[in-house]
Structures are given as C-alpha cells and as structure tokens.
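Participant: These protein sequences, in sequence, are chains B and F.
So the first sequence is residues 1 to 114, counted in our numbering.
So the second sequence is residues 1 to 111, counted in our numbering.
Glycine residues also receive a C-beta, built at the ideal position from the N, C-alpha and C atoms.
Predicted, not measured: the structure shown is a model, and the values here were computed from it.
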Amino acid sequence: SAVISQKPSRDICQRGTSLTIQCQVDSQVTMMFWYRQQPGQSLTLIATANQGSEATYESGFVIDKFPISRPNLTFSTLTVSNMSPEDSSIYLCSVQGGLQETQYFGPGTRLLVL
Amino acid sequence: RKEVEQDPGPFNVPEGATVAFNCTYSNSASQSFFWYRQDCRKEPKLLMSVYSSGNEDGRFTAQLNRASQYISLLIRDSKLSDSATYLCVVGTDNYGQNFVFGPGTRLSVLP
Numbered sequence: 001s002a003v004i005s006q007k008p009s010r011d012i013c014q015r016g017t018s019l020t021i022q023c024q025v026d027s028q029v030t031m032m033f034w035y036r037q038q039p040g041q042s043l044t045l046i047a048t049a050n051q052g053s054e055a056t057y058e059s060g061f062v063i064d065k066f067p068i069s070r071p072n073l074t075f076s077t078l079t080v081s082n083m084s085p086e087d088s089s090i091y092l093c094s095v096q097g098g099l100q101e102t103q104y105f106g107p108g109t110r111l112l113v114l
Numbered sequence: 001r002k003e004v005e006q007d008p009g010p011f012n013v014p015e016g017a018t019v020a021f022n023c024t025y026s027n028s029a030s031q032s033f034f035w036y037r038q039d040c041r042k043e044p045k046l047l048m049s050v051y052s053s054g055n056e057d058g059r060f061t062a063q064l065n066r067a068s069q070y071i072s073l074l075i076r077d078s079k080l081s082d083s084a085t086y087l088c089v090v091g092t093d094n095y096g097q098n099f100v101f102g103p104g105t106r107l108s109v110l111p
C-alpha cells in the first residue's frame, strides 16, 4: 500500500480563519479523496481530488468552503475556509490502490476551531 | 434508512471470546465490501475485503450475503489488541467513489 503523509497533524485555529491541509503520497495515484470524521462519527466523503481538473464534491460540501488543489499525481491540498467551531473534526486524505482496489488513509489532521 | 448500518455496540468481551459484528447495506448495486479497523486517534486501516464466497484471515472470518444485503465479521479467540472500532465499508463501484462507511462498532476486549 502507498505511504501517505499529512501536514499539519493537528492545529488549533480561530474562527474566521482558513487552514490548508497537505497530503503527500509516495507513489503516483489517479484518485485521491478527502474525508471528514467528526467526533464520535464515521467518515464522510468531502470530495474526490482529480488531477488536472476540478474536484468533485459530495452533497453538502462546496468548493468555496473546501477548495481543493491537485497539482500532480502525488500531492493534494484541502483548505477549510472561514472556519467555525462546527468545522472541528479530523480531516483525512486517502488514495485508492492495491490488489483489492480499496482505500488507504493518511494519518489525518486534527482540527480544533475556537 | 442509512446506507450502511452496523451493530451499535459497544461490545465488551473477555479475552478468548468469539465476537460477531453485523452490517447491512441498502444499495443493491453495491459491488465491493470491506472491513476496516480504526484504533483510537488513528486512521482507519483495511482489515479485509469481503467476497461472496466468504473469506478467512487467521482469526477473522468475513461473510457476504448479497440476497439479504448483509455482511458479517467474526473474530475468534479475541485478543486485547483487537480492541478497536470496526467499520463496515460498501462501495457502489470499483473506482473509489461512492465508498460509504458505516458508523462503526466499538470492541473492547477485556483481560
């Protein structure tokens, strides 16, 4: 499976500010995904990051709030814009691969918005 | 009805016990099925895929019943290290999109 790193691993931010989360993969992958996991909840897909085109967002998530970049096949960023306490969550990137064509996750970014 | 539902848990079992988790899914077009485990404050990690014929990996056995839209995970001879949240994951295609994660079932194996 791919080795995935995320930066920052955690942050505490003030409401109204923005945070950009980076996801780096050690191999080229076609599809990268961004998830949110709120406290005590399961994972919710935010968007699929496509290289060379705009991200595809799931219902309830919009580009203005969660802009995504995918400049190449090994890197993506997710920005959480104009943050509010409700954005406090773990944000995870994932890639698809392996023989089983399943998803492998980065270690996550723990965000607390005050 | 939620797309993927799991036993609410938590399950508290003694070491050596056998424990079974159940999962149901609502989308009959689902094609891929997985069990993930998530340790506290860690990312989810693939435990095993679930095939129509059923599959076994050591102490872990997964079963799929497409007719009933039901998936199970059986853990035999449970260890303290099995304590985690187990997530049932269902995909409607094989390209990563539309992977739906269940709410998870928490397992605590007690000494």
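(1) Between which two residues does the beta strand (DSSP E) harbouring A84/F extend?
(2) I need the straight-line Cα distance from V109/F to E15/F, nearest angstrom please.
(3) Please list the segments of the beta strand (DSSP E) lying wholly inside the stretch 39-112 of chain B, counting only runs of 3 or more residues, in order along the chain.
(4) Closest to F11/F by CA distance: which of V90/F, V100/F, T85/F is it?
(5) Roughly how many angstroms separate the alpha carbons of E3/F and S68/F, rounded to a whole number?
(6) Just the chain B side, please: which residues come within less than 8 Å of G102/F by C-beta, in chain order?
(7) Mind checking if P14/F is an interface residue toward chain B, Cβ cutoff 7 Å exclusive?
(8) Between which two residues does the beta strand (DSSP E) containing Y25/F stretch?
(9) For chain F, find out if any of its Cβ atoms is closer than 7 Å to the Cβ of T109/B; answer yes or no.
(10) Any idea if T17/B is buried or exposed, counting beta-carbon neighbours within 10 angstroms, 16 or more meaning buried?
Facilitator: Straight from the coordinates:
(1) Unbroken beta strand (DSSP E) run through A84/F: 84-91.
(2) Rounded to the nearest angstrom, the two C-alpha atoms are 6 Å apart.
(3) Whole beta strand (DSSP E) segments, 3+ residues: 43-50, 68-72, 75-80, 89-97, 102-105.
(4) The option with the nearest alpha carbon to F11/F is T85/F.
(5) Using only the alpha carbons, I get a separation of about 14 Å.
(6) Result: S42.
(7) It does not: the Cβ of P14/F has no partner Cβ on chain B nearer than 7 Å.
(8) First-last of the beta strand (DSSP E) with Y25/F: 19-25.
(9) For T109/B, the answer is no, since every Cβ of chain F falls outside 7 Å of its Cβ.
(10) Counting of Cβ neighbours within 10 angstroms places T17/B among the exposed residues, the total staying below 16.
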